[in-house]
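Per numbering that gives the first Met the number 0, the sequence shown starts with residue 0, numbered consecutively. By construction, the Cβ of each residue, glycine as well, lies at the ideal position given by its N, Cα and C atoms. Right, one structure below, let's go through it.
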Amino acid sequence: MKITKAIPSTITSLNLLSGTLSVVFAFRGDIEIAALFVIIASFFDFFDGLSARLLKAVSEFCKQLDSLADLISFGMAPASILYNLFILQNHNHKLLAYSVFLIVVFSALRLAKFNIDPDQTTEFKGLPTPASALVVISIAYYCFNNNTELATLFSNPYMLVGISIILSGLMVSNLKLISLKIKTFEFSKIFLHVILLIGGIILLIIFKSLGIGLTIILYLAISFLKQILTKKH
0 MKITKAIPST
10 ITSLNLLSGT
20 LSVVFAFRGD
30 IEIAALFVII
40 ASFFDFFDGL
50 SARLLKAVSE
60 FCKQLDSLAD
70 LISFGMAPAS
80 ILYNLFILQN
90 HNHKLLAYSV
100 FLIVVFSALR
110 LAKFNIDPDQ
120 TTEFKGLPTP
130 ASALVVISIA
140 YYCFNNNTEL
150 ATLFSNPYML
160 VGISIILSGL
170 MVSNLKLISL
180 KIKTFEFSKI
190 FLHVILLIGG
200 IILLIIFKSL
210 GIGLTIILYL
220 AISFLKQILT
230 KKH
């Protein structure tokens with residue numbers, strides 16, 4: 000096997016390793032480090048697909064490995080972070096804390112659905128697992144590092160369960176969203192991606208960690224607007 004063919008799988012493996020380390024640190028109570036490893040995993044997830052397309056190394060093996068890595072990095076890892084945030088903030092609701100692992104189940108369903116749906120190339124159906132994970136770490140990081148009324152609201156046990164249910168539902172929904180897999184650098188085809196990138200940077204500068212979650216909301220809004228404009232034409 001050519002070395003170039005192994006590059007995407009190697010990057011995917013680093014995604015998987017990052018997700019695994021995130022789970023480890025989450026259960027140690029190191030929420031910040033656990034969140035950081037999910038962000039690192041998301042970068043690897045972006046570049047494994049991009050490298051596979053650029054090197055013409057796309058294969059069924061890479062596709063399946065990518066899904067397995069994503070289940071850990073964007074399913075198990077964020078659920079573990081949410082669970083441990085739940086335990087740290089809400090000592091009297093330990094049984095309720097297990098409900099956040101719904102994210103793992105619905106992440107698996109989302110990934111399986113993606114693998115057998117040939118239409119999810121130019122657009123996604125349902126919230127991608129990395130996007131769901133980034134919402135979780137945005138909220139968790141903010142709650143862990145702030146003592147504001149908003150942090151108290153987000154760390155409420157019923158709010159955390161609600162967030163888990165909403166994200167789980169969005170992942171398996173038929174909501175059409177812009178595909179985050181860039182296949183060309185032709186500006187007309189990546190215009191919305193550029194808007195999302197610039198908007199995300201601005202939100203991160205203004206709102207810091209919460210800007211990650213707000214960027215996902217922006218992603219949903221842009222996708223929804225695109226669907227409306229497409230239907231009109």
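Per-residue DSSP class, three states only, for residue i
i    : result
K207 : coil
G199 : helix
G212 : helix
G74  : helix
V23  : helix
S154 : coil
S58  : coil
T147 : coil
G28  : coil
N14  : helix
P234 : No information on residue 234 is available, as it lies outside the stretch 0 to 232 that the chain covers here.
V171 : coil
Residues that residue i bridges to, as DSSP identifies them
i    : result
I177 : E122
Closest Cα partner of residue i within the set the options
i    : options               : result
I6   : V57, A25, T19, V23    : V57
I2   : G28, A51, V22         : A51
V171 : K207, L149, P127      : P127
S79  : V37, I201, I177, K124 : V37
F143 : K55, L64, L195, N89   : N89
A220 : D44, V160, I194, K62  : I194
A40  : L16, N146, E31, F24   : L16
L179 : T151, S131, F123, L67 : F123
S66  : N114, A33, A34, L35   : N114
Own chain, CB closer than 6 Å to residue i, minus 5 neighbours either side, in chain order
i    : result
L101 : S163, S167
Distance between residue j and residue i (C-alpha atoms, nearest Å)
i    : j    : result
I71  : K230 : 36 Å
Y97  : Y82  : 7 Å
I216 : S8   : 30 Å
L84  : A76  : 12 Å
F190 : S12  : 30 Å
L209 : F60  : 35 Å
K112 : G198 : 29 Å
G28  : I227 : 43 Å
D69  : S222 : 22 Å
G18  : Y140 : 16 Å
L20  : R109 : 23 Å
I204 : S154 : 23 Å
D47  : I10  : 5 Å
N91  : L149 : 20 Å
K175 : D44  : 21 Å
L133 : F42  : 12 Å
D239 : L224 : Since the first residue shown for the chain is 0 and the last is 232, residue 239 is missing from the structure and cannot be characterised.
I138 : L169 : 17 Å
Nonlocal neighbours in the same chain, by C-beta distance under 7 Å from residue i, ignoring five residues either side
i   : result
I86 : K93, A96
G74 : I102, V103, S106, A107, T128
The ligand GTP heavy atom lying under 7 Å from the CB of residue i
i    : result
T147 : Ligands displayed in this structure: none; no statement on the ligand GTP is therefore possible.
Test: residue i CB closer than 8 Å to a CB of chain B
i    : result
T229 : Considering every chain present, this structure includes no chain B. It has just one protein chain.
Same chain, Cβ closer than 8 Å to residue i, five either side skipped, listed in chain order
i   : result
V99 : A78, L81, Y82, F85, L159, V160, S163
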